[in-house]
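Enquirer: As numbered in mature numbering (1 follows the signal peptide of the UniProt record, and there is no 0), residues -18 to -1, 1 to 1001 make up the sequence shown, in order.
Don't be surprised by glycine CBs; every beta carbon is placed ideally from N, CA and C.
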Amino acid sequence: MVSKISLMVFILTSYTSACLCVEVHFESAESGFFLKHTRQPPIAPEISIKPSNVTPSKAQTYDSVLSVDRFTVVQTTQPVSIRASYGPFSTKQTVPARYIVPDVLENQNSNLNNTTAALIELQQTNMHLDISAHLIKPAVSRDSPVVRVLFHAGTDPGGHLQRQKICVLLHISLSNQIPLKGRCMPEGEDNVCVAEVIIPSIWWPGNPLVMGSSSTLQKLPHRVMQASYSVFEPSPRNSEQCEPKVQIQPLTTFAHVPLVAASVQFKEIRIDEQLTFLLPQNALYPMSKMYVPVVFHQTQDFTVSAFTIKARVKAGVKILGATISTDLWSISIEKENPKHTTARVTAYRKESKVSAEIANDMNNTSIETSSVEVFSWLLELGDAVVDVLDGGKIVWYVSYVYKSDKSKNQISASIVADESKKRLTTKLEINKDDIQAVLPMAKNWELINTAVLTGRQVAQAMKVFIVSQAGKVADVTLQSSCYAEDESVIKVSSSCSSVYVDGSEIRGSSNASVIVKYGSYAGLAKFTVWMPEFPLEVYVSDFRLSQIKGWKVIDDTSIFLNKQNQHRKKRSTGWNQYKNDASADKIICKARYQQSPIEVFARFLAIDQNSGRISYFISRRTGLRVTDLVQPLLRVSDPKIATLKGQILQGKSMGRTDIQVLSPITGRVIGTKEIRVGSDKVSIRRLIVRVISGLQLTISPDSTIDNGYTAETSVTNKLTAQYQEGLLDIDLEFSDGSKTPLRDISVEDYFLLVESLDTEVVAFAPMLASHHPRVIAVGEGSGDLLRVTLLLSEDCRMRRSVTSSKHIKSNFSPLISSLAAVEVDFNNFDNNNKLESIQNDGIGKDRKNFRINGDLADIIVGIPLKNSIYNEDNLMVQTKQHHGSTQPLKNYRKYSFRNNMSSMEVGVYVLLTAFCFAIVVFVISCVVYASKFRPRVLDTGNGPLELSKAIISPSILSKDLRFPKESTTNVHDWVWLGRSTMDRSAAANDTTTNNRGELFITALVQQQFIFIPLLIRKF
């Protein structure tokens, strides 16, 4: 015979503690946004009875996908966490960081002998790689052929520096050219470094302009270089040197750098009619690099077949080398000493490259137009103070190799060398080191203005660095001054430490500028500010709410009026009369309407201030969910038509109303949606019940959007371990096709009855600290083993009689009933693969008291356990709690107090007993004293006189209490000493006053007889 175990879910919580829907949200609301899309509803698994020897597949272990959500991350400087909550289950996942620095503890020796010290070191280690690259100059000119990039490695919010050494490689590439590389290691207090790459002179098109030349500026092709970087772990054998070993971050492009002409024309220095040196005229500083082009002027006889230039530098100048500039010549370089102070370059003419067309063209052109840049010297200035004071000095030695005219067409021609060398000396003026750039730096150049939605400021940290001409870096944030070009778009703090928006902005911008000044130098920072487009989109899945047939709920208005009436009656009448009248109050139940969740979405845009072009964050058709941000600002325009509890809209009476979103700044409506509450009725078609035993959250990258990810929430329905808990997930399907999860409905509106059809397989868990319906696996089995019945709330199922305060059952017919499929399987397959299976990461908790329920003994009720640690008395107590159905919580508390009484409780009870005993002794003494002086009743013919209300209130004394008109006096005998005669009437009045005083004392004593037992009964 199938035994049934019934448990009624008590309603002990309010609307605020009602179950919320399945939530997938950011741990920090400012970390990102979820995208608008249609959620995938839960899938009801079809459970069939299978033979025990059949091994389930892995796909069957993971039963169903609960929801799929797409989101984008806007704060990438620190790890972002996503949390999924489903009833009592909760799990959290961290968005996978793109790049992770290897654990620094792995490379250290065992200095951390202490476990606590090791834990502290691990907590302080920054494992999240946060590298940002910033161009020092937006373009590269020919007279300053260096690309410099400032790299900054982020730190933890707590200020712990990233101690693991990393090596950053800078890559500069141009079309088909071989990429150039530079490297540096972030270090120091600011964790910054500067990497630079020298650009070859051949990458610039055309010849450099010469001062005093009559040639006009030619149109040259526009060439743009691509700047990228990669991050490596340096070799442990030589960690101070940037020698890449293990790649941490792959090649990442961050900028495009154009090649531009020289900012200042070159100065021409002629050695003779055939060779000319071009010196740059821009200011030179320590560690500056410069090219010195060598131009050869063609002659008609082609007598020069080669020439040699020897350079000797002094006073802080180094010769780094020479680069070829034309295909008509070839060069060879010889460095005579390791100090890079002497070098020799020999240039050879390539005879095969000189065609008849070129020769003919040179015959018809001038010498200026027939000049060819053969190669360029690459020089570097020193950084010593002596070098700056003395300046730079270069001595050039030139010699030629000629070819005779008669043998110029022969293969073996005689070579005639000009042994006479020509000498030329040039001086360079070196300036002191100066600031090259003021560089505002932020980790994120985009701000999403949610301040207009929440009223809370949104800020982005900023620092100001200066980079000198020598490549030195310094943080001057606190010494700088900043201002925003347009404060209606963005604002900046006076200390230059942050840029922010506070909600007073009126538009967004794709090039919002912030000017930074340091002394006489200035820098520019450009941000993109995304502004929400108004009005906001308010999305309601069911904007027409109907009445639910047969479902009655308590009318909140009647409860409020009853409380007001009780308060007025309590003030106007006595305590006994109030007690009688309070029982006559009735609770009014009314029809319940459907409900629907509300979501608010926004599209963010930015306008280019120069062109007027409008850009949308992600896309124009993509809305971002901002419900959590604007939830405190949601309201219903007519609360009589519908009510809003959190994000749940519920109909209240027939009519039309609007859901409005208010601006926290101006109070105006920034989003609205019309809602209709109709008079038509819908019925509950069926009850969908599922057993959920585990929750898993999986995050994977989404390549369709920038910084996009997909969060997939999946559940398992199989119970795989004995005494494992499973959550009952219940959905209501109505006749109009809409569905409402029972977890979204207030627990005050229904009464749930759960019956276990086989207690040897599954049992129902008690609701000791949580109102979530749960089951517990007892033994193996499967099938429809649970019956779930939805009833009206207890107050609406009971009615009060008019003559008494007893409850009479009025409507016990269920709203809907359904069977739930349960599968309990303890096969070894799940035990062997428990690392791959979905685990129950959730915890049971009391939302009101925030108490964690981790002890299984507090949950299991009425289950005969084997090898139990509890005695028979405890099991019997638990069984009584279970079958009591309507008193489980009270019985549980009573037995807990009786069996586990503390010493403090014993002391309190002893003190209370002594206090009561003292009161009893006092009352007895008062009774003895009152009986000793009991007044005699005198028959005066008028009958006994009722005590006046002016003396004692009838609510204190008994209604049948009667006192005589005259009482025996208790006056002492006094001897009058005086000459005048005593007034007899005055004496009589005094006697009456004394008698009335004694009568008042006697009444107070009798009042004690009435009040003391009530007090004792209350204790």
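1) Once you ignore the five residues that flank P422 on each side, which residues in its own chain have a CB closer than 7 Å to its CB?
2) Taking DSSP's pairing of strands, which residues face F16 in a bridge?
3) Give every residue of the same chain whose Cβ lies closer than 7 Å to the Cβ of D590, excluding the five residues on either side of it in the sequence, and list them in chain order.
4) Could you pull out every unbroken beta strand (DSSP E) segment of at least 3 residues lying fully inside the region 694 to 774, listed in chain order?
5) Please work out which residues of its chain come closer than 7 Å, Cβ to Cβ, to Q559, disregarding the five sequence neighbours upstream and downstream, and give them in chain order.
6) Identify whether D662 lies in helix, strand or coil by the three-state DSSP scheme.
7) Suppose contacts are defined by Cβ-Cβ distances below 8 Å. Is V673 in contact with V760 by that definition?
8) Closest by CA to L162, which one among A624, S358, P127, Q146?
9) What ranges does the alpha helix (DSSP H) occupy inside the region 403 to 449, keeping only unbroken runs of at least 4 residues that lie completely in it?
10) Would you give the residue range spanned by the beta strand (DSSP E) that E355 belongs to?
11) Below 8 Å on the Cβ atoms is my contact criterion, and I expect L156 with W185 to pass it. Report the Cβ-Cβ distance as a whole number of Å.
12) Taking all protein chains shown into account, do 16 or more other C-beta atoms lie within 10 angstroms of the C-beta of G188, making it buried, or fewer, making it exposed?
13) Which one of S480, G453, D468, S470 has the shortest CA to CA distance from S462?
14) Quick check: the region 606 to 619 against the region 659 to 677, are at least 3 beta-carbon pairs closer than 8 Å?
15) Buried or exposed: where does S475 fall if 16 or more other Cβ atoms within 10 Å of its Cβ makes it buried?
16) Name, in chain order, the residues that DSSP records as bridge partners for A11.
17) Bridge partners for C898 per DSSP, in chain order?
18) Taking R526 as part of the beta strand (DSSP E), name the residues at either end of that continuous run.
19) Could you give the distance in angstroms between the alpha-carbon of L714 and the alpha-carbon of S578?
20) Do D766 and L724 have their beta-carbon atoms positioned less than 8 Å apart in this structure?
21) Return helix, strand or coil for P127, following the three-state DSSP convention.
22) Could you give the residue range of the beta strand (DSSP E) that holds L241?
23) Three-state secondary structure (DSSP) at W186?
24) Looking at E355: is its Cβ nearer than 8 Å to the Cβ of L302?
25) Rounded to a whole number of angstroms, what is the C-alpha to C-alpha distance between T625 and T604?
26) Does C778 come out as helix, strand or coil in the three-state DSSP assignment?
27) Taking the straight line between their C-alpha atoms, what separation do you get for A900 and I630?
28) Which residues in the same chain have their Cβ closer than 6 Å to the Cβ of G653, if we skip the five residues on either side of it in sequence?
29) In angstroms, rounded to a whole number, what distance separates the CA positions of Y891 and F897?
30) Go ahead and pull the three-state DSSP assignment for N689.
31) Tell me which same chain residues have a C-beta within less than 6 Å of the C-beta of S287, skipping the five on either side of it?
32) Could you spell out the range, first to last residue, of the beta strand (DSSP E) harbouring T290?
33) Using the Cα positions of A573 and R595, report the straight-line distance between them to the nearest angstrom.
34) Tell me whether the region 322 to 329 and the region 240 to 253 touch, counting them as touching only if at least three CB pairs, one residue from each stretch, are closer than 8 Å.
35) Taking Cβ positions, are F259 and V276 nearer each other than 8 Å?
36) Might you give, ordered along the chain, the residues of its own chain that have their beta carbon closer than 8 Å to the beta carbon of G453, omitting 5 neighbours on each side?
Expert: The relevant details are as follows:
1) M444, V446, V496, V498, G505, A507
2) F53
3) S492, N493
4) 707 to 716, 721 to 723, 733 to 738, 744 to 746, 756 to 759, 763 to 773
5) Any reading at Q559 must be qualified, since the residue scores a pLDDT of 48, below 50, and its modelled position is unreliable; the value itself is stated next. Contacts found: none.
6) strand
7) no
8) P127
9) 433 to 436
10) 353 to 363
11) 6 Å
12) exposed
13) S480
14) no
15) exposed
16) Bridge partners of A11: none, in fact.
17) Note: C898 sits in no beta bridge, so no partner.
18) 526 to 536
19) 12 Å
20) no
21) coil
22) 226 to 242
23) coil
24) no
25) 29 Å
26) helix
27) 57 Å
28) P517, L518, V520, V643
29) 10 Å
30) coil
31) R331, V383, K385
32) 286 to 296
33) 54 Å
34) no
35) yes
36) R130, V176, E178, M269
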